[in-house]
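For the sequence shown, the residue numbers in numbering that gives the first Met the number 0 are 0 to 483.
Ideal Cβ positions, reconstructed from N, Cα and C, are used throughout, including at glycine.
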Amino acid sequence: MPSADATDFVPSALAPISQLKDIEANKGTTEHVENASIKDEAREIVQYDAQEDTTKPRTGLRKLLRRNPSVEFIQDVALANETELDPGEVKRVERKIWWLIVPALAIDYAFYYIDKTTLSYAALFDFKSDLNLSGTDYSNLSSIFYVGWIIWAIPGNLLLAKFPLAKYLSVNIFLWGVFLMVQGASKDYGDMVAFRFVSGMFEAVADPCFVAITGMWFTRKQQPTIIGLWYSFNGVGIAIGGLFGYGIGHIKGNLASWRYEFIIIGALCSGWAIVMAILIPDSPHSSRWFTRREAVVVMSRKRNDYHTVEKRQLKMGQIVETLTDPKSYLYFFLGFFANVPNGATSNFGTLVIKGLNFSTMQTTLLQIPYGTFIALMIYLAIYINHKTHHLNIRTYLMATVTIMTVVGFALMAFTTATASRLIGYYLTGSSNAVFVLALSLVSGNVGGTTKKVLSSAAIFLGVALGNIVGRKSHLLQVYRPISI
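See the structure below:
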């Protein structure tokens, strides 16, 4: 093993920077990499990690913090970057990543969306009358969730850079479930407001964690496909939520059906969080599922990306860079405009369908094709993006898919037939495919741990505000206002 002295391996660790020439040539495209952050990462990674005494006992808070890769691991990756990896070995490692990471993220996202839409199903089962909700109370319950999200978005995402990624996500998922179950015990509007607010705080870190995990394990080219796969499970979650709603609606117990909805879904979320914490690794270098050589291959196969070996550090320079980068604000607006439709449909969708003169049970089942359509649209979008990756037309694809969303809302607003309105409602689900492509822009085009965290926070602040605005659009009454 070569010497671990930092001065001995600076040139090797900086070897991937030769790739910056290729990156600089792509500055004119819509998807170029953030070069300042790459250079910043490359300059400081050796110095920072060499300063950390990895032999010092990890006590107290140190045990909870994200552990940096050892100097030796960084050197191994740098040396691997100077050689050609065996394609067969890369394929075996990637197959292992796929089977470990992708199913876990997909299940996470299904629970994430089931959790967010539980209020919508509760509204079908005497929820509003039992809690004496009146006027705008229901809409306020939908919005207060995203108020908590907005308040905790930046602090929660900064903690993401300090704690082990999978464990941090698992703790938050567990707490989603706890506060979902607690919502089932609400006695009045005030209780529900408080519990919804706290739930929003814990869910604020979910999407950024999913994006960060994807960026850690997959190459830049793979990331749009992977994000699309796990995000498509929000459609699966809607479909499963419809089945849960139908089944729970038939429970004849001592509690109201809507209370069972919150309690059962919450318990499943918390149970899955425990499984997640046990099975999913926080990083390649700390995983018990990968050998040392496999962990090196995981990182080295991304040598042509902007990534360096991940470390625990918040950088003021990257904070300033994010705040002064116009693209950070464009990410915010992408999140905002892509989620105004979602705000109108996620918590009011069941009420819209029931307003078409369907029964409560029919309404729950009619959510299944809606969720299926969302998943299919996402698969179609990521397939087209994958096939046209070399053409660099992702943003044009986003604009094209948006047209379907507009058509859907137009059908809801300006037609009177039940069938056309229902079809219009289903078409609005195509907005989810647009957001998937927007997420991949952040995951694949932002370098630097701190800048990536803040850029993710920007897009998800837009998500929260878009959902609030979308919910308020429903207040103007039934179909035309919600569409306009």
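- Within 10 angstroms of the beta-carbon of Trp151 lie 16 or more other beta-carbons, which makes it buried.
- The region 170-188 makes contact with the region 258-271: 3 or more CB pairs, one atom from each, lie closer than 8 Å.
- The C-beta distance from Tyr245 to Asn466 rounds to 25 Å, too long to fall under 8 Å, and the pair is not in contact.
- A distance of 8 Å or more separates the beta carbons of Gly342 and Gly265.
- Under the three-pair Cβ rule at 8 Å, the region 327-336 does not count as touching the region 239-253.
- For Asn384, the uninterrupted alpha helix (DSSP H) segment begins and ends at Thr359 to Lys386.
- Buried is the label assigned to Trp229, since at least 16 other Cβ atoms lie within 10 Å of its Cβ.
- Fewer than three beta-carbon pairs drawn from the region 387-405 and the region 447-458 are found closer than 8 Å, and the two stretches are therefore not classed as touching.
- Pairing Phe232 with Ala105 gives a Cβ-Cβ distance under 8 Å.
- Pairing Leu84 with Ser299 gives a Cβ-Cβ distance under 8 Å.
- Residue range Val70 to Ala79 is occupied by the alpha helix (DSSP H) that includes Asp75.
- Between Ser439 and Ile226, the C-beta spacing is below 8 Å.
- In summary, Gln361 is exposed, with fewer than 16 beta-carbon neighbours lying within 10 Å of its beta-carbon over all protein chains present.
- In this structure, the beta-carbon distance from Gly155 to Val204 falls below 8 Å.
- Short of 7 Å from the beta carbon of Phe331, and not among the five residues preceding or following it, lie these beta carbons of its own chain, in chain order: Ala457, Ile458, Leu460 and Gly461.
- Looking only at Phe243, Tyr167 and Leu118, the smallest Cα-Cα distance to Ile212 is reached by Tyr167.
- Assignment of Ile422 by DSSP, reduced to helix, strand and coil, places it in the helix class.
- When Gly199, Ser430 and Lys127 are compared, the shortest CA-CA separation from Ser185 is found for Lys127.
- Distance from the Cα of Ala255 is smallest, within the candidate group Met403, Ile73 and Leu123, for Leu123.
- In summary, Thr349 is buried, with 16 or more beta-carbon neighbours lying within 10 Å of its beta-carbon over all protein chains present.
- Taking C-beta atoms under 8 Å as the contact rule, His385 and Thr224 qualify, at a distance of about 6 Å.
- In this structure, Leu355 places its C-beta atom within 8 Å of the C-beta atom of Thr417.
- In this structure Thr290 is exposed. Its beta-carbon is surrounded by fewer than 16 other beta-carbon atoms within 10 angstroms.
- Annotated as distal: Ile383 and Val435, with beta-carbon spacing of 8 Å or more.
- Rounded to the nearest angstrom, the Cβ distance from Gly428 to Ile373 is 4 Å, consistent with a contact under 8 Å.
- For Asn171, the closest C-alpha among the options Ala160, Val181 and Gly199 is that of Gly199.
- Taking each of Met411, Thr401, Leu464 and Pro280 in turn and checking the Cα distance to Trp98, the smallest one comes out for Pro280.
- For Leu130 and Asn139, the gap between their C-alpha atoms comes out near 14 Å.
- Separation of Ser119 and Phe347 (C-alpha to C-alpha, rounded to the nearest whole angstrom) is 6 Å.
- In the three-state reduction of the DSSP assignment, Ile226 falls in the helix class.
- Per DSSP, Gln221 is not a residue of any alpha helix (DSSP H), being assigned neither H nor E.
- With respect to the C-alpha of Tyr369, the residue from Leu242, Pro163, Val441 and Pro325 having the closest C-alpha is Leu242.
- Secondary structure at Pro163: coil, using DSSP grouped into helix, strand and coil.
- In this chain, the alpha helix (DSSP H) harbouring Leu350 covers Gly348 to Lys353.
- Cβ-Cβ distances below 7 Å link Leu159 to Tyr167, Val204, Pro207, Cys208, Ala211 and Val452 in the same chain, with the five nearest sequence neighbours on each side left out; the list follows chain order.
- Shortest Cα-Cα distance from Phe110 to any of Gly234, Asp136, Leu157 and Pro68 involves Gly234.
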